[in-house]
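Asker: Following this message is one structure expressed as structure tokens.
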Amino acid sequence: MSNTVVIDPVTRIEGHAKIAIALDEAGQVDTVRFSVTEFRGFEEFCKGRPVWEMPSLTARTCGICPVSHLLASAKAGDAIMGVRIPSTGVKLRRLVNLGQIIQSHALSFFHLSSPDLLLGWDADPAVRNVFGLMGAEPELARRGIRLRGFGQSVIEAIAGRKVHSPGIVPGGIADPMTPEAREWMLSGLVEAQQTAEQALELFVSMLGKFEREARAFGEFPSLHLGLANDAGTWENYDGHLRFVDAEGSVVADNIDVGDYRDYIGEAPRHDSYLKSPYFKPLVADSDDVFKGVYRVGPLARLNVCKTMGAPLADEALQAYRETAGGTANSSFFYHYARLIEILACTELARELLSDDSILDPMVRATAGINHRRAVGVSEAPRGTLFHEYQVDVNGLLENVNMIIATGQNNLAMNETVLQIAREWVDGHDIPEPVLNRVEAGIRAFDPCLSCSTHAIGKMPMEVTLFDHEGTTVNEVRRG
Amino acid sequence: MRERQPAVNVSFDGVEYEGLLGESVLECARRNGVAIPSLCFLEGLTVWGGCRICVVEVAEGHRLRPACATQVAADMEIKIETPRLRAYRKSVLELLFAEGNHVCAVCVSNGNCELQDMAVHCGMDHVRYDYQSPAREVDASHPKYVFDPNRCILCTRCVRVCDEIEGAHVWDIRHRGQQAELITEMNKPWGESLSCTWCGKCVAVCPTGSLAYQGSAIGEMEHDPVMIKRLAVARNRGEWLDPKGVS
Numbered sequence: 001m002s003n004t005v006v007i008d009p010v011t012r013i014e015g016h017a018k019i020a021i022a023l024d025e026a027g028q029v030d031t032v033r034f035s036v037t038e039f040r041g042f043e044e045f046c047k048g049r050p051v052w053e054m055p056s057l058t059a060r061t062c063g064i065c066p067v068s069h070l071l072a073s074a075k076a077g078d079a080i081m082g083v084r085i086p087s088t089g090v091k092l093r094r095l096v097n098l099g100q101i102i103q104s105h106a107l108s109f110f111h112l113s114s115p116d117l118l119l120g121w122d123a124d125p126a127v128r129n130v131f132g133l134m135g136a137e138p139e140l141a142r143r144g145i146r147l148r149g150f151g152q153s154v155i156e157a158i159a160g161r162k163v164h165s166p167g168i169v170p171g172g173i174a175d176p177m178t179p180e181a182r183e184w185m186l187s188g189l190v191e192a193q194q195t196a197e198q199a200l201e202l203f204v205s206m207l208g209k210f211e212r213e214a215r216a217f218g219e220f221p222s223l224h225l226g227l228a229n230d231a232g233t234w235e236n237y238d239g240h241l242r243f244v245d246a247e248g249s250v251v252a253d254n255i256d257v258g259d260y261r262d263y264i265g266e267a268p269r270h271d272s273y274l275k276s277p278y279f280k281p282l283v284a285d286s287d288d289v290f291k292g293v294y295r296v297g298p299l300a301r302l303n304v305c306k307t308m309g310a311p312l313a314d315e316a317l318q319a320y321r322e323t324a325g326g327t328a329n330s331s332f333f334y335h336y337a338r339l340i341e342i343l344a345c346t347e348l349a350r351e352l353l354s355d356d357s358i359l360d361p362m363v364r365a366t367a368g369i370n371h372r373r374a375v376g377v378s379e380a381p382r383g384t385l386f387h388e389y390q391v392d393v394n395g396l397l398e399n400v401n402m403i404i405a406t407g408q409n410n411l412a413m414n415e416t417v418l419q420i421a422r423e424w425v426d427g428h429d430i431p432e433p434v435l436n437r438v439e440a441g442i443r444a445f446d447p448c449l450s451c452s453t454h455a456i457g458k459m460p461m462e463v464t465l466f467d468h469e470g471t472t473v474n475e476v477r478r479g
Numbered sequence: 001m002r003e004r005q006p007a008v009n010v011s012f013d014g015v016e017y018e019g020l021l022g023e024s025v026l027e028c029a030r031r032n033g034v035a036i037p038s039l040c041f042l043e044g045l046t047v048w049g050g051c052r053i054c055v056v057e058v059a060e061g062h063r064l065r066p067a068c069a070t071q072v073a074a075d076m077e078i079k080i081e082t083p084r085l086r087a088y089r090k091s092v093l094e095l096l097f098a099e100g101n102h103v104c105a106v107c108v109s110n111g112n113c114e115l116q117d118m119a120v121h122c123g124m125d126h127v128r129y130d131y132q133s134p135a136r137e138v139d140a141s142h143p144k145y146v147f148d149p150n151r152c153i154l155c156t157r158c159v160r161v162c163d164e165i166e167g168a169h170v171w172d173i174r175h176r177g178q179q180a181e182l183i184t185e186m187n188k189p190w191g192e193s194l195s196c197t198w199c200g201k202c203v204a205v206c207p208t209g210s211l212a213y214q215g216s217a218i219g220e221m222e223h224d225p226v227m228i229k230r231l232a233v234a235r236n237r238g239e240w241l242d243p244k245g246v247s
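These protein sequence lines map, in sequence, to chains E and V.
Sequential numbering of the first sequence, starting at 1, is according to this note's numbering.
Sequential numbering of the second sequence, starting at 1, is according to this note's numbering.
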């Protein structure tokens, strides 16, 4: 290893990261390290707090997908109390998660990724952003922004606020749904579904242009993890854990979420605050944890389920599988899977809202502390999210373990960046389009590295070249 | 019926009102519809005068006095809204926020908190003092209620209501100054208290999220401080006030 290229920070992802690309003596890419450079400490400072406060406390992990934390935390709270929550409470939680997935996926596709896809990686960074998109495709940009707004408003209507909603609580949902909110959502779903269909159509029409990206943006065999149900339909709220392999064969199934530690290990890394979770049964003590690499999120969920459980999304799923050759293993397909999920969300939301029981006032179960340990799992837009709590007899937190979707994609993101670097990086020259492809490879995972921070447009980026003795030989700064 | 007290002239910020000898400046102001901010004061309980939010200037020498613990006198000229008093109230609030661990966004009383309301009312938009970030343990040992000392401002409403209205005296303050803290039952966990009657009056009067019902999630805790005024009136005058008409 003679040279290292550092890209820091990576832009248009949620949070902060840096990428270090090490070149060999011939100037070819040798290794890649994707690191997260900030520390949050939620697992520590939540200790001592009452379990009832945990949903709102942990929701602060993220401003983009706080609902996912609220749900995982509230579900852990349900299990600590040992309650079966009223069925309408479950339906409202499912509905709020659909709203969450819609808004987060809309943000990922329209605001963050479509500038790359529609304007191209070679476009000027000054226009390769959501404002540039507005100039080039004003109607698409407007619809995308409205779609995100719709998802946010669904969250607000059910849980009281768009961001960090107080209404998702251990035991269910704080308040029943109003008939007005139901009517408003049903009418809003019409445009939301149209936008999802149009975006999907557009993406499919562009796929031919991205043959190289589909091949080089993290096309490699890995396991895929997601929540699964007995019906085999796309699951985002309940059920058990299922791992499938790169061919779609089930590797482990019917795993109770409380037993996740038997299957998932977490490897700390010296240069990143992001741990690297891996599939335990495939990794012996002496092995590299990469042997247990698995992916979570839209790509994995669509590999784990048999059907979407929604007619239009199922048609799209069939076409997707034909394009991907069965099980999708290219991380570039995260974008495609995300759009199918938005469409499914609109269909499933209509199904839930069409049932009059959605207005039932009984939405919350109450109880005291009946269990000391519990695990709550939800499917966040970015993948499977785990919250594990250990409480004392009074319900005060003694231990907290959270495994975030982005963490589980850590090893896969590393592999993706390595592939992209090998495909496009050559010698010391790192032109803008190459930099952005490296970033875009990570962006395909829609990583949420910390909270709500994400850049609009051109953010400062530092590229540093080191020679084999660690001396800086070149430094490029933009922004 | 109580005998009518002799009337005297007083002025609030230059406007004349009728004061009654024996009443406090705060009582006089509120009876006349003049607003003076306060925190630890609660009608129906004895005056504590500890929070210093209700300080006013009394004309001679511009002396600062707590309105709740100062009796009206003839021709008293009282100032409420002066730049000095506004700055003083803000400082008091900032000290309260710096002293404990008040994180409104994740508090059970968010949106239903007298401290939060007072900060908004007084325009306290930042804290200039160093946060003390004390390490304080939550007491969730009581089957019905939770005590979070991180959110306590030592207003002693709970101490007074438990002693004066309920007659149990479960609550007290130990230590002094920066070390002062609220305790139950001679510093035993609340859940082990033999004298607590589970009546919930302390929870009803708490101005912050420090005392709350078990199982309260963020923003769900609503206190009921006017309950104490109703109890006090019922006890002293033998009549029950309509809760809707009590403020």
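A virtual CB, placed ideally from N, CA and C, is assigned to each residue, including glycine.
For H387 of chain E, does the three-state DSSP call read helix, strand or coil?
Answerer: Note: H387 of chain E maps to strand in three-state DSSP.
Asker: Can you list the residues of chain V that N394 of chain E reaches, using a CB-CB cut of under 7 Å?
Answerer: A140, S141
Asker: Of the choices E:V169, E:E351, E:I145, whose alpha-carbon is the least far from that of V67 of chain E?
Answerer: E:V169
Asker: Say whether chain V places a C-beta atom closer than 8 Å to the C-beta of E53 of chain E.
Answerer: Yes, E53 of chain E counts as interfacial toward chain V.
Asker: Taking 8 Å as the CB-CB limit, is T178 of chain E close to chain V?
Answerer: no
Asker: Can you give me the Cβ contacts of V15 of chain V inside the same chain, cut-off strictly under 6 Å, excluding the 5 residues immediately before and after it?
Answerer: none
Asker: Can you tell me whether E57 of chain V is helix, strand or coil according to DSSP?
Answerer: strand
Asker: Kindly list, in the order they appear in chain V, the residues whose Cβ is closer than 9 Å to that of P86 of chain E.
Answerer: Simply none; closest approach about 16 Å.
Asker: Could you tell me which uninterrupted beta strand (DSSP E) segments, each at least 3 residues in length, are contained entirely in the region 411–448 of chain E, listed from first to last along the chain?
Answerer: none
Asker: Let's see if you can read the secondary structure: which residues bound the alpha helix (DSSP H) around I228 of chain V?
Answerer: Run containing I228 of chain V: 226–237, per the alpha helix (DSSP H) assignment.
Asker: Against chain V, does I456 of chain E count as a neighbour if the rule is that its beta carbon must be under 8 Å from one of theirs?
Answerer: Because the pLDDT at I456 of chain E is just 33, under 50, the model does not fix this residue reliably, and the point stays unresolved.
Asker: Answer with buried or exposed for N524 of chain E, where buried requires no fewer than 16 other C-beta atoms within 10 angstroms of its C-beta.
Answerer: Missing from the structure shown is residue 524 of chain E; chain E here goes from 1 to 479 and no further.
Asker: Can you give the Cα-Cα distance for G219 of chain V and G82 of chain E, rounded to whole angstroms?
Answerer: When rounded, the distance between both Cα atoms is 23 Å.
Asker: Between L112 of chain E and A199 of chain E, what straight-line distance do the alpha-carbon atoms span, to the nearest angstrom?
Answerer: 14 Å
Asker: At a CB-CB cut-off below 9 Å, which residues of chain V make contact with L92 of chain E?
Answerer: Result: empty, since nearest Cβ-Cβ is about 15 Å, beyond 9 Å.
Asker: Please state whether DSSP places L39 of chain V in a helix, a strand or coil.
Answerer: coil
Asker: Please tell me whether G172 of chain E has its Cβ less than 8 Å away from any Cβ of chain V.
Answerer: no
Asker: Is it buried or exposed for H169 of chain V, if we count other Cβ within 10 angstroms and need 16 for buried?
Answerer: exposed
Asker: Does L186 of chain E pass the burial test, meaning 16 or more other C-beta atoms within 10 Å, or should it be called exposed?
Answerer: exposed
Asker: Does the beta carbon of K18 of chain E come closer than 8 Å to any beta carbon on chain V?
Answerer: Not closer than 8 Å to any Cβ of chain V, the Cβ of K18 of chain E fails to qualify, so no.
Asker: Which one of E:R382, E:I158, E:T178 has the shortest CA to CA distance from R443 of chain E?
Answerer: E:R382
Asker: Alpha carbons only, please: which of E:G265, E:L207, E:N410 is nearest the one belonging to D480 of chain E?
Answerer: In the structure displayed, chain E extends from 1 to 479; residue 480 of chain E sits before or after that span and is not available.
Asker: Would you kindly work out how many angstroms separate the C-alpha atoms of I228 of chain V and T46 of chain V, rounded to a whole number?
Answerer: 12 Å
Asker: 8 Å is my cut-off, CB to CB: does V203 of chain V come that close to chain E?
Answerer: no
Asker: Who does S24 of chain V pair with in a DSSP beta bridge?
Answerer: V:Q71
Asker: Could you pull the DSSP bridge partners for Y278 of chain E from this structure?
Answerer: E:G265
Asker: Name the chain E residues whose beta carbon is nearer than 8 Å to that of I183 of chain V?
Answerer: Residues of chain E passing the Cβ test: none, with the nearest at roughly 17 Å.
Asker: For the region 16–46 of chain V, which residues have a beta carbon sitting closer than 9 Å to at least one beta carbon of chain E?
Answerer: none
Asker: Closest Cβ-Cβ distance between S114 of chain E and chain V: below 8 Å?
Answerer: No, S114 of chain E does not count as interfacial toward chain V.
Asker: Run through DSSP, which three-state label would M81 of chain E get?
Answerer: helix
Asker: Looking at chain V, is there any beta carbon in it that lies within less than 8 Å of the beta carbon of C451 of chain E?
Answerer: Legend: pLDDT at C451 of chain E = 29, less than 50; position of this residue unreliable, value from coordinates given subsequently. No, C451 of chain E lies away from the interface with chain V (no Cβ there is under 8 Å from its Cβ).
Asker: Hey, how far is the Cα of K162 of chain E from the Cα of R143 of chain E?
Answerer: 19 Å
Asker: Roughly how far, in whole angstroms, is the beta-carbon of A228 of chain E from the beta-carbon of R212 of chain E, given that I think they are within contact range, below 8 Å?
Answerer: Their Cβ separation, rounded to whole angstroms, is 33 Å, which puts A228 of chain E and R212 of chain E out of contact at 8 Å.
Asker: Give every residue of the same chain whose Cβ lies closer than 8 Å to the Cβ of K144 of chain V, excluding the five residues on either side of it in the sequence, and list them in chain order.
Answerer: The residues are W198, G200, Y213, Q214.
Asker: Out of V:G123, V:D163, V:D224, state which residue places its alpha-carbon closest to the alpha-carbon of S195 of chain V.
Answerer: V:D163
Asker: Any Cβ of chain E within less than 8 Å of the Cβ of G215 of chain V?
Answerer: yes
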